[in-house]
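The sequence shown begins at 15 in the numbering used here and counts up by one.
Take a look at the structure below.
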Amino acid sequence: MLKNKTAVVTGGTRGIGFAIVKKYLENGANVAIAGSRQETVEKALANLTEYEGHIMGIWPDLCNPEDVAEKFAQVKERFGRLDILANNAGISSRTSIYDYTLEEFNKILDINVKAVFVCSQAGARIMKEQGGGVIINTSSMVSQYGQPSGCGYPTTKFAVDGLTKSLARELARDGIRVNAVAPGVTNTDMVAALPKEMVERISAGIPLGRPGEPVDIANAYLYLASDLAAYVTGAILRVDGAAMT
15 MLKNKTAVVT GGTRGIGFAI VKKYLENGAN VAIAGSRQET VEKALANLTE
65 YEGHIMGIWP DLCNPEDVAE KFAQVKERFG RLDILANNAG ISSRTSIYDY
115 TLEEFNKILD INVKAVFVCS QAGARIMKEQ GGGVIINTSS MVSQYGQPSG
165 CGYPTTKFAV DGLTKSLARE LARDGIRVNA VAPGVTNTDM VAALPKEMVE
215 RISAGIPLGR PGEPVDIANA YLYLASDLAA YVTGAILRVD GAAMT
């Protein structure tokens, strides 16, 4: 489905991001894994040796426009194009509003919103020159419903939805589609860090009867990146088992 296309996946070293990387590789894409540290990127690459020649690693500061632009240029130099940008890097928080520090709030804003803007800008500049591309952002079900603590996370995901819809309208004239995937409860390290009783309580309200798996989210990323979604832009695709519907 993605033969001869090139993708950058931020937060691609584990969890949903790594599942997206694998799904893209399985479908014929060249993929650059973007991680926060060289060691985590190299560890991920070591688990994908069968795709040698079709994969590379980068570890830019996602909030630094010059660094991101330089690393994306390296990807284009290596594979000739940049067709797909998966903005998946993100962090969460469960801190109460009474204890939330501005430092913590700013950190979540940086990774979950500013990095999406910086990477989207760098990716769009390359895609415009080559006649089009696809940007896909990771939102969350909590962008619509909020959560009982850690208000910074749903706040940033609501911002991601707004950025997605705005960029979809702005970049359509350049042949660039922009969508988001909004996962529900998914079996990742982020969810594993939550109290067991909280996960059980949330999962009990999912009509499909189970939490999502990273591959469920990766399948949505595959669809939106492919030509099957050629007329889909500005969408926030929920992949949550109808949770909280």
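From the three backbone atoms N, C-alpha and C, an ideal C-beta is built for every residue, glycine too.
| query | Val-23 by DSSP, collapsed to three states: which one? | reply | Taken through DSSP and simplified to helix, strand or coil, Val-23 comes out as strand.
| request: Give the single residue among Phe-119, Pro-74 and Glu-143 whose Cα lies nearest to the Cα of Gly-25. | output: Nearest neighbour of Gly-25 by Cα position, chosen from Phe-119, Pro-74 and Glu-143, turns out to be Pro-74.
| According to the neighbour-count rule (16 or more other Cβ atoms, all chains shown, within 10 Å of its Cβ), is Thr-115 buried or exposed? | Here Thr-115 is exposed, its C-beta having fewer than 16 other C-beta atoms within 10 Å.
| Straight-line Cα distance separating Glu-91 from Ser-110 | Looking at the two C-alpha atoms, the distance is approximately 45 Å.
| query | Between the Cα of Pro-79 and the Cα atoms of Val-130, Met-212 and Gly-226, which residue gives the shortest distance? | reply | Of the candidates Val-130, Met-212 and Gly-226, the one whose C-alpha sits nearest the C-alpha of Pro-79 is Val-130.
| field | Nearest-angstrom Cβ-Cβ length linking Ile-69 and Leu-59, presumed shorter than 8 Å | value | With 8 Å as the limit, Ile-69 and Leu-59 qualify as a contact, their Cβ atoms being about 6 Å apart.
| said: What does the alpha-carbon distance come out to for the pair Gly-248 and Ile-231? | reply: Going by the C-alpha atoms only, they are around 18 Å apart.
| query | If we count the other Cβ atoms within 10 Å of its Cβ and call it buried at 16 or more, is Ser-154 buried or exposed? | reply | By the Cβ neighbour-count rule, Ser-154 is buried, with 16 or more other Cβ atoms within 10 Å of its own.
| query | Under the three-state reduction of DSSP, which class applies to Ala-100: helix, strand or coil? | reply | DSSP places Ala-100 in strand when its eight states are reduced to three.
| Using the rule of at least 16 other Cβ atoms within 10 Å of the residue's Cβ for burial, across every protein chain shown, is Asp-254 buried or exposed? | Note on Asp-254: 16 or more other CB atoms within 10 angstroms of its CB, so buried under the neighbour-count rule.
| request: Jot down the residue ranges of each uninterrupted alpha helix (DSSP H) in the segment 134-222, minimum 4 residues, whole runs only, in chain order. | output: Entirely contained in the segment 134-222, the alpha helix (DSSP H) runs reaching 4 residues are, in chain order, 156-159, 166-185, 203-206 and 210-218.
| field | Residue nearest to Gln-135 in terms of C-alpha spacing, selected from Ile-190, Tyr-167, Asp-175 and Thr-170 | value | Looking at Ile-190, Tyr-167, Asp-175 and Thr-170, the one whose alpha-carbon comes closest to that of Gln-135 is Ile-190.
| Where Leu-251 sits in the DSSP three-state scheme | DSSP places Leu-251 within a strand segment (E or B) once states are collapsed to three.
| N- and C-terminal bounds of the alpha helix (DSSP H) containing Ile-34 | Element bounds for Ile-34: 29-40.
| Residue span of the alpha helix (DSSP H) that contains Asn-120, given as start and end | Annotation: the continuous alpha helix (DSSP H) that includes Asn-120 extends over 116-123.
| request: Using 10 angstroms around the beta-carbon of Asn-193, count the other beta-carbons present and answer buried if the total reaches 16, otherwise exposed. | output: So Asn-193 counts as buried.
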